[in-house]
Amino acid sequence: MTKEMTFNGVDMSRFFRITNIIRPVGNKRSITTDDAPSLGVNVQQVKRGAKEHTIKFDMKTMTAMEMERLKHELAGVLNVLEPVKIIYGDEPDKYYMGLPVDDITPDNITRWFQRSEFKILIPDGVAHSTAYKRFDNPKVETDKIVFDLVNNGNVDAEPIITIKHNAENGYIGVVNAKGALEVGNREEADTEQYKQSEILFDYVTNNGIVKGLQQGQKNAAILNDLSQNLNGTLGIDNTWGRPHIALTNRGSGTRPNNAGSVSWEIPLDSSKQHGALNEYIWWRQIFWLGSANQLGFIKIAISDTEGQFLYGVETIKRANGLDVEYNFLASNGKGGYNLIKQWVFKGTHEETANPFNEPRGWSDLLRRDDMVQVYWWGSYPQFHIPEIKGKKSAKIHVALGTFGNRPQVTHMYLDDIVYRKDFVTGIRDIPNRYRMGSVVILNSENDTVTVDGIEKAGDIVDAPTFIKIPPGKSQLEMYFSSFIKKTPTITVNFEERHL
């Protein structure tokens, strides 16, 4: 009996013919007991352990040399240090996460025909469905949203709940028969007496970056230095199916670097005031090299009402190699700037190396007068800068540039940007924790809460108990702030899991 097997994306039929796959019913069980007073025992704990599969197979080649070469190649495929995806041909709708254990010693029937077996440990003890089950049509009741769910697995599923806000909100509560999870603040109010935060421009919602490029002033940026000729051309690039601002023509001139820029004046707030001492800027950028000799930079800069550079960050690659700098810069009060903090990352596609690769790129700055908080890879360091105290921000600038005629960075984009002014006086309505258009993901697979792509463990109320979906039919209830004006768009996705 021949069965297909895919191990970590590799079709194993190129190495051997499977004669049998032994998959025990259920899982290993361990029971902890103590003596009963007069008869039998008391069961203290029942624990289900891992699964273990045994793969029996034959290997056949034309010569002994081919056999040994094939065995070395097989050893390389099986040499994994953590569980990988395994799919069997007779269970095409499921996959396992496993890794080989023990050695593989073949029976040498002949030098060109060998028979053996190996064991695979499935640490999480379950089979996962290859497709996520999706629920996106809940019942809307007076004070809650209710999902009727069906889990056809025989163990709890771990849902990924995505909430796209269609109105401001400050609280999300999720409840079912297995537990409850709260994020935000149940008591968060929609108004305050004197102060509020206001989104003054939003170039995120509905591909807003296209509108942002149209509305912004071109090649008038106030940056930390004057090393670039600001006569390049910015345009819209749609790589990966989403719009980005990209440098489409670098320009030229007498200065060593060439760039194009776009600037936005901070609009009047609701009290008709210009400028800000308290503000928040969120953006998404991509900085991904195509080769090690590419150079370039993205600068996000804030200038004051006098037309002087205040503070900002630059993502800059200035030499051959993979190292890219992420620098926080601020005014020195003398017309120049200081490098306040520098981080270095690798400009590759790797998730662990580059915070600005294709699926990510989120970052933000928060200002409280002379204090600026900079987001860097899950941390929020704060810096006090006396030189900017009392100086109001007036404009936001973004520049994309190159070093002379050196090759340009392949993927160097601005995808989104949002500006929020904080502590606006005279208006009672306040933006809440979750702005209109924000996306909150409650992920029970990895026990995380993210808001617009940035992890927000601090939003979780008390010790987190991430929701599980029991087998069979069940209901999931969701609650929001009492002041919410429009129901969010919610999807619940989960893999069904089987013992």
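Position one of the sequence shown corresponds to residue 718 (the numbering used here), numbered consecutively onward. Note that CB positions come from ideal geometry on N, CA and C, so glycine has one too.
Check: Of the listed residues Asp-1176, Thr-1182, Pro-1124, nearest to Asn-886 (C-alpha basis); Outcome: Asp-1176
Check: Gly-1078 vs Arg-1001 beta-carbon contact at 7 Å; Outcome: yes
Check: Per-residue DSSP class, three states only, for Ala-781; Outcome: helix
Check: The alpha helix (DSSP H) enclosing Gln-932, as first and last residue numbers; Outcome: 925-932
Check: Nonlocal neighbours in the same chain, by C-beta distance under 7 Å from Pro-1187, ignoring five residues either side; Outcome: Asn-868, Asp-873, Ala-894, Lys-895
Check: The segment 992-1001 touching the segment 963-981, judged by at least three CB pairs closer than 8 Å; Outcome: no
Check: Distance, Pro-876 Cα to Lys-850 Cα; Outcome: 9 Å
Check: Helix, strand or coil at Ala-1070 [DSSP, three-state]; Outcome: coil
Check: Uninterrupted beta strand (DSSP E) stretches inside the segment 955-1019 (no shorter than 3 residues); Outcome: 961-966, 974-982, 995-1005
Check: Close-in-space but distant-in-sequence residues of the same chain around Gly-1095 (CB under 7 Å, 5 per side omitted); Outcome: Glu-1172
Check: Closest by C-alpha distance to Lys-935, when choosing among Glu-899, Asp-1021, Leu-1117; Outcome: Leu-1117
Check: Pick from Pro-754, Ile-1184, Ile-1201 that is closest to Val-1209, judged by C-alpha positions; Outcome: Ile-1184
Check: Cα-Cα separation, Glu-1104 to Asp-1087; Outcome: 8 Å
Check: Where His-789 falls: helix, strand or coil (DSSP); Outcome: helix
Check: Own chain partners of Asp-954 with C-beta closer than 6 Å, once the 5 adjacent residues on each side are dropped; Outcome: His-961, Ala-963
Check: CB contact below 7 Å: Glu-904 versus chain B; Outcome: The structure shown contains no chain B; it holds only a single protein chain.
Check: Outcome for Gly-1052 when other beta-carbon atoms lying within 10 angstroms are tallied against a minimum of 16; Outcome: exposed
Check: Where the beta strand (DSSP E) containing Pro-817 begins and where it ends; Outcome: 811-818
Check: Own chain partners of Thr-1182 with C-beta closer than 8 Å, once the 5 adjacent residues on each side are dropped; Outcome: Gly-896, Ala-897, Leu-898
Check: Simplified DSSP assignment, three categories, for Glu-1104; Outcome: helix
Check: Per DSSP, the bridge partner or partners of Ser-1198; Outcome: Answer is none; Ser-1198 lacks a bridge partner.
Check: Inter-stretch contact at 8 Å, needing at least 3 Cβ pairs: the segment 811-829 / the segment 753-766; Outcome: no
Check: Residue(s) in a DSSP beta bridge with His-845; Outcome: Tyr-812, Arg-1214
Check: Check: Asn-948 C-beta below 6 Å from any heavy atom of the ligand PLP; Outcome: In the structure on display, the ligand PLP does not appear, and there are no ligands present to speak of.
Check: Member of Asn-941, Ile-837, Lys-1016 whose CA lies at the smallest distance from the CA of Ser-1080; Outcome: Lys-1016
Check: Identity of the residues DSSP links to Phe-1062 by a beta bridge; Outcome: Val-1041
Check: Member of Pro-855, Met-782, His-770, Asp-1132 whose CA lies at the smallest distance from the CA of Met-814; Outcome: His-770
Check: Proximity to Met-1235 [Cα-Cα], best of Ala-1047, Leu-798, Glu-799, Ser-730; Outcome: The shown model of the chain, from 718 to 1216, leaves out residue 1235, and the question about it has no answer.
Check: Distance, Pro-840 Cα to Val-1041 Cα; Outcome: 38 Å
Check: Beta-carbon proximity check, Val-927 vs Val-1115, cutoff 7 Å; Outcome: no
Check: From Gln-1011, Arg-1035, Gln-831, Leu-816, residue whose alpha carbon lies closest to that of Pro-1124; Outcome: Gln-1011
Check: Which listed residue (Pro-1205, Ala-937, Phe-732) has its alpha carbon closest to that of Leu-787; Outcome: Phe-732
Check: Proximity of Ile-1158 and Thr-879 at Cβ, strictly below 7 Å; Outcome: yes
Check: Alpha-carbon to alpha-carbon, Glu-790 and Ile-804; Outcome: 20 Å
Check: Proximity to Asp-1169 [Cα-Cα], best of Ala-1018, Asp-1179, Val-921, Glu-1023; Outcome: Val-921
Check: Option nearest Leu-940 by Cα separation, candidates Pro-1076, Glu-1194, Ser-747, Asn-1055; Outcome: Asn-1055
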